[in-house]
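Numbering (this note's numbering), first residue to last: 14 to 182.
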């Protein structure tokens, strides 16, 4: 299982789509801090389709509470940052308690993260022509890379998705 952590997400459609990713990959979604929308927002639900009610979702009020509940010595952190030196392909993937942590769509993670966790910062390579990639796309890219390196354990080897209107029990 993956742990996808979003710090103060601002765009409901991204969070809804990430929720759908989490259902499809049996991952946990942890939302930390103030959200830029309500979880009842129609855009969250529209992007998450009929899967939103199945998201393994946890809400945590602050980063300090997150760090206390999930200490780095028990749950390795991988912060995604455009300022990191290491690529996301270097994230150690073996630990089932790994936390993939993504910052706000507009401003990323707080500045202290870089100082406090310098060896836990990873980036997605890009040209200098864009400031960043879409949050939902970034979660899918990094998440599926970790799952690939884990040989997609627990996931179907062939597409077994539900047809329109159907859901799996």
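Yeah, the Cβ is synthetic: ideal placement off N, Cα and C, and Gly gets one too.
What span of residues does the beta strand (DSSP E) with residue 27 cover, start to end?
Counting from one through the chain shown, the residue named residue 27 turns up at place 14. Not the beta strand (DSSP E): residue 27 falls in the alpha helix (DSSP H), residues 25-38.
With a cut-off of 8 Å on the beta carbons, I'd call residue 22 and residue 148 a contact; round off their distance for me.
Taking the first residue of the chain shown as 1, we reach residue 22 at position 9. Taking the first residue of the chain shown as 1, we reach residue 148 at position 135. Approximately 7 Å separates the beta-carbon atoms of residue 22 and residue 148; this is inside 8 Å, confirming the contact.
Helix, strand or coil for residue 159, going by three-state DSSP, please let me know.
The sequence position of residue 159 within the chain shown is 146, counting from 1. Three-state result, residue 159: helix.
Report the start-end ranges of each beta strand (DSSP E) in the region 96-156 that is 3 residues or longer and not cut off at the edges.
112-115, 134-136
Provide the residue span of the alpha helix (DSSP H) that contains residue 76, from first to last.
Working through the chain shown from its first residue, we reach residue 76 at position 63. Note, residue 76: alpha helix (DSSP H), 76-82.
Given that a residue counts as buried once 16 or more other Cβ atoms are within 10 Å of its Cβ, and exposed if not, what is residue 151?
The residue labelled residue 151 in the question sits at position 138 within the chain shown. Label assigned to residue 151: buried.
What's the call for residue 19, buried or exposed, on a 16-neighbour Cβ count within 10 Å?
Start at 1 with the first residue of the chain shown, and residue 19 comes out as number 6. When all chains shown are included, residue 19 counts as buried.
Helix, strand or coil: which one does DSSP assign to residue 182?
If you number the chain shown from 1, residue 182 lands on position 169. For residue 182, the pLDDT reaches just 47, beneath the cut-off of 50, and the residue's location in the model is therefore unreliable, leaving the point undetermined.
Whole-angstrom distance between residue 41 and residue 35, CA atom to CA atom:
By one-based count along the chain shown, residue 35 stands at place 22. By one-based count along the chain shown, residue 41 stands at place 28. In a straight line, the C-alpha of residue 35 is about 6 Å away from that of residue 41.
What do you get for residue 107, buried or exposed, if any count of 16 or more other CB atoms within 10 angstroms of its CB means buried?
Counting from 1 along the chain shown, the entry for residue 107 is found at position 94. Sixteen is the threshold: since fewer than 16 other Cβ atoms of the shown chains lie within 10 Å of the Cβ of residue 107, the residue is exposed.
Using a Cβ-based criterion (distance less than 7 Å to any ligand heavy atom), does residue 38 qualify as near the ligand NAD?
As far as ligands go, the structure on display features none, and thus does not contain the ligand NAD.
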